[in-house]
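J.: Right, I'll just put the structure down here and ask away after.
There are 2 protein chains.
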Amino acid sequence: MQKQFDDLLEDKFNIKFNDESLLDEAMTQASYVNEHPGQGLKFYERLEFLGDAVYQLVVSDYIFRRFPELPQGRLTRLRAAMVNEHSFSRFARECHFDKYIRLGKGEEKANARQRDSLLCDIFESFIGAVYLDQGMATVKHFCEIVIFPKLDEGWFDEFFDHKTELQEVVQEDGPVDLDYELVSEDGPDNDRKFKVAVKINGKEMGVGLGHSKKDAEQKAAKKALNELGVSTSIK
Amino acid sequence: MQKQFDDLLEDKFNIKFNDESLLDEAMTQASYVNEHPGQGLKFYERLEFLGDAVYQLVVSDYIFRRFPELPQGRLTRLRAAMVNEHSFSRFARECHFDKYIRLGKGEEKANARQRDSLLCDIFESFIGAVYLDQGMATVKHFCEIVIFPKLDEGWFDEFFDHKTELQEVVQEDGPVDLDYELVSEDGPDNDRKFKVAVKINGKEMGVGLGHSKKDAEQKAAKKALNELGVSTSIK
Numbered sequence: 001m002q003k004q005f006d007d008l009l010e011d012k013f014n015i016k017f018n019d020e021s022l023l024d025e026a027m028t029q030a031s032y033v034n035e036h037p038g039q040g041l042k043f044y045e046r047l048e049f050l051g052d053a054v055y056q057l058v059v060s061d062y063i064f065r066r067f068p069e070l071p072q073g074r075l076t077r078l079r080a081a082m083v084n085e086h087s088f089s090r091f092a093r094e095c096h097f098d099k100y101i102r103l104g105k106g107e108e109k110a111n112a113r114q115r116d117s118l119l120c121d122i123f124e125s126f127i128g129a130v131y132l133d134q135g136m137a138t139v140k141h142f143c144e145i146v147i148f149p150k151l152d153e154g155w156f157d158e159f160f161d162h163k164t165e166l167q168e169v170v171q172e173d174g175p176v177d178l179d180y181e182l183v184s185e186d187g188p189d190n191d192r193k194f195k196v197a198v199k200i201n202g203k204e205m206g207v208g209l210g211h212s213k214k215d216a217e218q219k220a221a222k223k224a225l226n227e228l229g230v231s232t233s234i235k
Numbered sequence: 001m002q003k004q005f006d007d008l009l010e011d012k013f014n015i016k017f018n019d020e021s022l023l024d025e026a027m028t029q030a031s032y033v034n035e036h037p038g039q040g041l042k043f044y045e046r047l048e049f050l051g052d053a054v055y056q057l058v059v060s061d062y063i064f065r066r067f068p069e070l071p072q073g074r075l076t077r078l079r080a081a082m083v084n085e086h087s088f089s090r091f092a093r094e095c096h097f098d099k100y101i102r103l104g105k106g107e108e109k110a111n112a113r114q115r116d117s118l119l120c121d122i123f124e125s126f127i128g129a130v131y132l133d134q135g136m137a138t139v140k141h142f143c144e145i146v147i148f149p150k151l152d153e154g155w156f157d158e159f160f161d162h163k164t165e166l167q168e169v170v171q172e173d174g175p176v177d178l179d180y181e182l183v184s185e186d187g188p189d190n191d192r193k194f195k196v197a198v199k200i201n202g203k204e205m206g207v208g209l210g211h212s213k214k215d216a217e218q219k220a221a222k223k224a225l226n227e228l229g230v231s232t233s234i235k
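Line order of the protein sequences matches chains P and R. Heads up, the first sequence is in full-length UniProt numbering, so the first residue is 1 and it goes up one at a time. Heads up, the second sequence is in full-length UniProt numbering, so the first residue is 1 and it goes up one at a time.
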């Protein structure tokens, strides 16, 4: 099992731990330690604390340099979209971390292995372990493979608040009328579709389709941002 | 003015910027840029965004390594005490940053130079500028001079939640009775003094004196932690 994980990390991310016990710590839940007393095992929580700060900086540094014209408010919103429990759990699954978590029997039975909150913690503790064992450059390299390409693939779109973004952009030079109008709503109850138009000072700037009004509004706002030539970081 | 600031940074912190324009950016408020159009000036907000993440990591890394036995919850509370608007503004004043901020005339009149929230922003933007210009090692060195010694001097005590700390510590092995009792309250209205005792399962473990009940409770909790031999990170 351990050997498989080592191979995966080396093949996929070119990461080879010097201190394997750090990797073990990152992948071990307290429930497992409690069931194996006297072995000096450690669980992931301290590494999660550290990894959280490491990841925040790697993401901040990346978007700061990649989008040199993006003002603070928009950088902050973009970071919030990328530093997100749901994103983390998806990354953890994509990297197959779920297979290698060490859990106590009760937690295993309760299917904790597939719990988003646990996968999120493990993703951060893994980052913390890589940072301690290999340094910042390796964390950056890992993020360049796993995280940053997702920005261009639209992964973070659903966490990105295009409406707030649009409001900030259009009001830069003073107040404007920004309205969202429901154009149509149809389809059966279990597959309802909403069409929303966004208007700036009465002029339609984008139309969005979605399974909820909120979703359609976000998509309309995104279209308007594109229309306005605003280089959103999210495609 | 600029020269004075350069000398101060070099003398006190051994920091000499390669790119002076980054330091200018860190110390410049938007109001100043607005009053000097066409000069290509930048204001501090993007650097503040970056500096915030840099500082979080430097502090996290430091306390993670310094307190190898501290569990995640207590690390998180200690970090929260150290990453705090009020602390930041005190650091900024101690480093004399207030003298070197570039403000617009209106903001100068409104005495923004002494506003805690601005000093807090400037402290973070300065950290961001040092990180970009000099790298992480110089930020760490700066924190070793300015921030970390404060931990032992008790600077962060007032932001530290000893009551939560005590509750967590005493309940590690199961539920206990933890009570705070007001022992006395005296003195004139403008200089009222409160004395509070904390009892664990009925046994007095610490007494605290303060100008408010809350303050006295915090101090009692801190005494109890010492009494229990808990190595609080704050002296």
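Note that the Cβ used here is the ideal one computed from N, Cα and C, for glycine as well. Keep in mind it's a predicted model, so treat the numbers as computed, not measured.
Taking Cβ-Cβ distances shorter than 8 Å, what residues in chain P pair up with residue 57 of chain R?
T.: What residue 57 of chain R touches in chain P: 53, 54, 56 and 57.
J.: Starting from residue 181 of chain P, trace the beta strand (DSSP E) both ways and give me its first and last residue.
T.: It spans 178-186 - the beta strand (DSSP E) in which residue 181 of chain P sits, taken as one unbroken run.
J.: Ends of the beta strand (DSSP E) at residue 200 of chain R?
T.: Segment 193-200, the beta strand (DSSP E) holding residue 200 of chain R.
J.: On the DSSP letters alone, give me the boundaries of the beta strand (DSSP E) that residue 209 of chain P sits inside.
T.: 203-210 is the span of the beta strand (DSSP E), which, as asked, contains residue 209 of chain P.
J.: Would residue 209 of chain P and residue 195 of chain P qualify as a contact pair, given that the criterion is a beta-carbon distance under 8 Å?
T.: It is a contact, given that the beta carbons lie within the stated cut-off.
J.: Rounded to whole angstroms, how far is the Cβ of residue 26 of chain P from the Cβ of residue 126 of chain P, which I believe are closer than 8 Å?
T.: The pair is a contact, with the Cβ atoms about 5 Å apart (cut-off 8 Å).
J.: Run through the DSSP bridge pairs and tell me what residue 46 of chain R is partnered with.
T.: Beta-bridge pairing links residue 46 of chain R to no other residue.
J.: Taking the runs of the beta strand (DSSP E) that are 3 residues or longer, which of them lie wholly in the region 145-171 of chain R?
T.: For the region 145-171 of chain R, not a single whole beta strand (DSSP E) run of length 3 or above is found.
J.: So, under 8 Å CB-CB, residue 54 of chain R and residue 57 of chain P are touching, yes? Tell me the CB distance rounded to an integer number of Å.
T.: Residue 54 of chain R to residue 57 of chain P, Cβ: 6 Å. Contact.
J.: Can you name the residues of chain R whose CB is closer than 8 Å to the CB of residue 75 of chain P?
T.: Simply 46 and 49.
J.: Does chain P have any CB closer than 8 Å to the CB of residue 234 of chain R?
T.: The predicted position of residue 234 of chain R is uncertain, since its pLDDT is 44 and thus under 50; a value taken from the coordinates is nonetheless stated next. False, the Cβ-Cβ gap to chain P never drops below 8 Å.
J.: Alpha carbon to alpha carbon, what distance is there between residue 45 of chain R and residue 97 of chain P?
T.: One C-alpha to the other measures close to 37 Å.
J.: Would residue 37 of chain P pass as an interface residue toward chain R - the criterion being a Cβ-Cβ separation below 8 Å?
T.: No, its Cβ sits nowhere closer than 8 Å to a Cβ of chain R.
J.: For residue 145 of chain R, collect the residues of the same chain with a Cβ closer than 7 Å to its Cβ; drop the 5 residues on either side in sequence, then sort them by chain order.
T.: Counting only Cβ-Cβ distances below 7 Å, and skipping sequence neighbours, we find 13.
J.: Along chain P, which residues have their Cβ under 7 Å away from the Cβ of residue 60 of chain R?
T.: Near residue 60 of chain R (Cβ distances below 7 Å), the residues of chain P are 49, 50 and 53.
J.: Under a three-way DSSP split, which group does residue 102 of chain R fall into?
T.: Residue 102 of chain R: strand per DSSP, three-state reduction.
J.: Between the Cα of residue 201 of chain P and those of P:131, P:167 and P:51, spot the shortest distance and give me the residue it belongs to.
T.: If we check each option's Cα against that of residue 201 of chain P, P:167 comes out closest.
J.: Less than 7 Å between C-beta atoms, sequence neighbours within five positions excluded: which residues of the same chain meet that for residue 242 of chain R?
T.: An answer regarding residue 242 of chain R cannot be provided, because it is not within the stretch 1 to 235 covered by chain R.
J.: Taking just the CA atoms, how far does residue 99 of chain R sit from residue 161 of chain P?
T.: Looking at the two C-alpha atoms, the distance is approximately 38 Å.
J.: Between residue 124 of chain R and residue 88 of chain R, which are expected to be in contact by the criterion C-beta below 8 Å, what is the C-beta distance as a whole number of angstroms?
T.: Sure, about 7 Å apart at Cβ, within 8 Å.
J.: Could you spell out the range, first to last residue, of the alpha helix (DSSP H) harbouring residue 119 of chain P?
T.: Here the alpha helix (DSSP H) through residue 119 of chain P covers 116-134.
J.: Which ranges does the alpha helix (DSSP H) cover as unbroken runs of at least 4 residues, wholly within the region 57-103 of chain R, from first to last along the chain?
T.: If we require 4 residues or more, the alpha helix (DSSP H) runs fully inside the region 57-103 of chain R come out as 72-82 and 85-94.
J.: How would you list, in chain order, the residues of chain P whose beta-carbon sits under 8 Å from the beta-carbon of residue 64 of chain R?
T.: Residues of chain P passing the Cβ test: 46, 49 and 50.
J.: Going by CA-CA distance only, name the one from R:189, R:225, R:227 and R:176 that's closest to residue 212 of chain R.
T.: Comparing Cα-Cα distances from residue 212 of chain R to each of R:189, R:225, R:227 and R:176, the minimum goes to R:189.
J.: Under 8 Å, Cβ to Cβ, is there at least one residue of chain R near residue 71 of chain P?
T.: Yes, because at least one Cβ of chain R sits closer than 8 Å to the Cβ of residue 71 of chain P.
J.: Can you check which of these residues, P:193, P:230 and P:229, is closest to residue 217 of chain P by C-alpha distance?
T.: Of P:193, P:230 and P:229, the residue nearest in Cα terms is P:193.
J.: Please name the residue, chosen from P:158, P:204 and P:50, that lies closest to residue 139 of chain P on a Cα-to-Cα basis.
T.: Selected option, being the one with the closest Cα: P:50.
J.: Taking the alpha-carbon of residue 104 of chain P as reference, which of P:165, P:74, P:134 and P:36 has the nearest alpha-carbon?
T.: When only C-alpha atoms are compared, the closest one is P:36.
J.: Taking the alpha-carbon positions, what's the residue 21 of chain P to residue 175 of chain P distance?
T.: The alpha-carbon atoms of residue 21 of chain P and residue 175 of chain P are separated by roughly 57 Å.
J.: Measure the beta-carbon distance from residue 199 of chain P to residue 181 of chain P and round it to whole angstroms, keeping in mind my assumption that it falls under 8 Å.
T.: With a Cβ gap of about 7 Å, residue 199 of chain P and residue 181 of chain P count as contacting.
J.: Can you round the beta-carbon distance between residue 170 of chain P and residue 178 of chain P to whole angstroms, since I take them to be within the 8 Å contact cut?
T.: Right, the Cβ-Cβ distance comes to about 6 Å (below 8 Å), so this counts as a contact.
J.: Should residue 29 of chain P be labelled buried (16 or more other beta-carbon atoms within 10 Å of its own) or exposed?
T.: Answer is buried; the Cβ neighbour count reaches 16.
J.: Which residues in the same chain as residue 185 of chain P place their Cβ atom closer than 6 Å to its Cβ, once the five residues preceding and following it in sequence are excluded?
T.: Cβ within range, chain order: 194.
J.: For residue 11 of chain P, is the classification buried or exposed, using 16 other Cβ atoms within 10 angstroms of its Cβ as the cut-off for buried?
T.: By the 10 Å Cβ count, residue 11 of chain P comes out exposed.
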